[in-house]
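Mapping the sequence shown onto this note's numbering, position 28 (from 1) lands on 101, and the numbers just tick up by one.
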Amino acid sequence: MKPIIFIAAIALLATAPARSQPLVDPNKVAPEYREAAEKRRAEQLRQRECALKADLEKVLPRDRTAFLNQCLETMAAKH
C-alpha cells in the first residue's frame, strides 16, 4: 500500500498546476496581427475586472455567468 501512496504523491508533485490564460502581449505578435491582439487584450482585461467584481461581491457559482454577462454588457455600453 505504501508504494502506491508514494507513487501517487510523486505524480501529484510532478504535475504543473492549471493556470488561467495569460494576457495577450500585442508586442510579441506579428505586426499584421497586432490590432487583433490589442482588442483581445482589452477584452481579457474587461473579463478579469468583471471576475474580480464577482469575487468581491461573493456571487454564487450558479449566478456567476449571468453576473459576468451583465457586467460585460454594462462595460460595453459605457464605451
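In this text, a Cβ means the ideal position worked out from N, Cα and C, and glycines have one as well.
1) What number of angstroms, rounded off, separates the C-alpha of PHE140 from the C-alpha of VAL132?
2) Excluding sequence positions up to five away, which residues of its chain have a Cβ less than 8 Å from the Cβ of LEU118?
3) May I have the straight-line CA-CA distance separating PRO99 from ALA81, to the nearest angstrom?
4) Suppose you measure from the CA of ALA110 to the CA of THR147; what does that come to, to the nearest Å?
5) By alpha-carbon positions, which one of VAL102, ALA115, LEU129 and CYS123 ends up nearest to ASN142?
Put simply:
1) Cα to Cα, the separation comes out at about 8 Å.
2) Here the set comprises LEU96.
3) 41 Å
4) 23 Å
5) CYS123
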